[in-house]
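In UniProt numbering, the protein residues as written are 1 to 249.
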């Protein structure tokens with residue numbers, strides 16, 4: 001079984017307490033308006049996947065091919081669109097809104113996002129180099145990386161040598177983070193530990209591939225709407241009580 005993941009946005013970090021009063025640092029992820037906007041099939045595409053979208057896009061920001069595809073599928077165009085490969089029993093119908101309850105408290109997940117960009121940085125910050133001595137003859141080279149080409153052999157700088165350069169702004173995956181809890185009312189997921197990226201970054205969340213998962217909703221936990229008859233009864237109930245009190249007086 002391979003379930004679909006979710007597209008979320010990073011809200012920030014906070015702390016939550018368990019039943020024993022122990023504080024846990026958690027990252028808050030919002031599922032928002034994430035929904036299924038398409039499917040991939042073996043017959044047509046050669047593989048099985050759910051296509052998810054999040055955060056409705058303005059018409060002026062949508063390219064014509066994406067706008068036509070969304071119109072044919074009968075869904076809205078979204079800013080973020082991601083495919084998640086799934087097994088045959090985890091295909092979710094197009095148009096299904098997804099909820100935070102797709103994941104359950106206690107399970108483990110893998111998260112992926114774009115890390116914060118830090119610009120051009122030296123080797124000490126970028127690769128944790130030790131640098132040179134602060135004194136003993138060192139002049140204006142305290143944060144230098146030192147020699148790079150070695151001696152007669154190989155007499156050149158090998159490919160992949162750690163040097164100063166662009167730091168951050170790259171795709172980072174963190175595995176085996178525990179889901180501390182889920183807030184169905186606000187559609188939030190609380191994940192223990194840090195998640196890459198700045199606040200507001202899109203974060204992909206999937207079931208952990210290196211952990212055995214049990215008792216997960218397949219293909220997902222659908223949102224159940226309250227029946228109209230029950231809503232009508234609950235709306236009429238206070239009025240009936242008022243009439244009874246008036247008669248008693």
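Every residue gets a Cβ at the ideal spot worked out from N, C-alpha and C, and that includes glycine. Predicted, not measured: the structure shown is a model, and the values here were computed from it.
query, result
"Taking the straight line between their C-alpha atoms, what separation do you get for residue 165 and residue 150?", "21 Å"
"Give the single residue among 177, 187, 48 whose Cα lies nearest to the Cα of residue 211.", "177"
"Could you give the distance in angstroms between the alpha-carbon of residue 168 and the alpha-carbon of residue 54?", "24 Å"
"Within a Cβ cutoff of 6 Å, which residues of the same chain sit near residue 3, ignoring the five residues on either side of it in sequence?", "90, 207"
"Leaving out the 5 sequence neighbours to the left and right, which residues in its chain are closer than 7 Å to residue 38 when beta-carbon positions are compared?", "51, 73, 94"
"Looking only at DSSP bridge pairs, what is residue 151 linked to?", "154"
"Check whether the Cβ atoms of residue 201 and residue 80 lie closer than 8 Å to each other.", "no"
"Who are the Cβ neighbours of residue 129 in its own chain at under 7 Å, not counting the five residues just before and after it?", "123, 145"
"Measure the alpha-carbon distance for residue 141 versus residue 170 and round it to whole angstroms.", "29 Å"
"Could you check whether the region 104-120 touches the region 153-162, counting it as contact only if at least three pairs of C-beta atoms, one from each stretch, sit closer than 8 Å?", "no"
"For the beta strand (DSSP E) holding residue 143, just list the boundary residues, first then last.", "No beta strand (DSSP E) holds residue 143; DSSP gives it neither H nor E."
"Since residue 42 is in the alpha helix (DSSP H), which residue starts that stretch and which ends it?", "42-45"
"State buried or exposed for residue 27, treating a residue as buried only when at least 16 other CB atoms are found within 10 Å of its CB.", "buried"
"So the candidates are 192, 183, 175, 127; which of them puts its Cα closest to the Cα of residue 162?", "127"
"For residue 246, is the classification buried or exposed, using 16 other Cβ atoms within 10 angstroms of its Cβ as the cut-off for buried?", "Its pLDDT being 44, under 50, residue 246 is placed unreliably in this model, and the value from its coordinates should be taken loosely. Label assigned to residue 246: exposed."
"Could you tell me the alpha carbon to alpha carbon distance between residue 41 and residue 217, rounded to whole angstroms?", "22 Å"
"Going by C-alpha to C-alpha distance, which of 78, 115, 134, 100 sits closest to residue 186?", "100"
"For the candidate residues 77, 180, 190, whose alpha-carbon lies nearest to that of residue 68?", "77"
"In angstroms with no decimal places, state the Cα-to-Cα distance between residue 248 and residue 184.", "Confidence at residue 248 is low in this model, with a pLDDT of 43, below 50, so the placement of that residue is unreliable and no value is reported for it."
"Helix, strand or coil for residue 30, going by three-state DSSP, please let me know.", "strand"
"Considering residue 113, what are the terminal residues of the alpha helix (DSSP H) in which it resides?", "Counting along the chain, residue 113 falls outside any alpha helix (DSSP H), though it belongs to the beta strand (DSSP E) covering 108-114."
"Taking the DSSP output, what are the residues bridged to residue 16?", "24"
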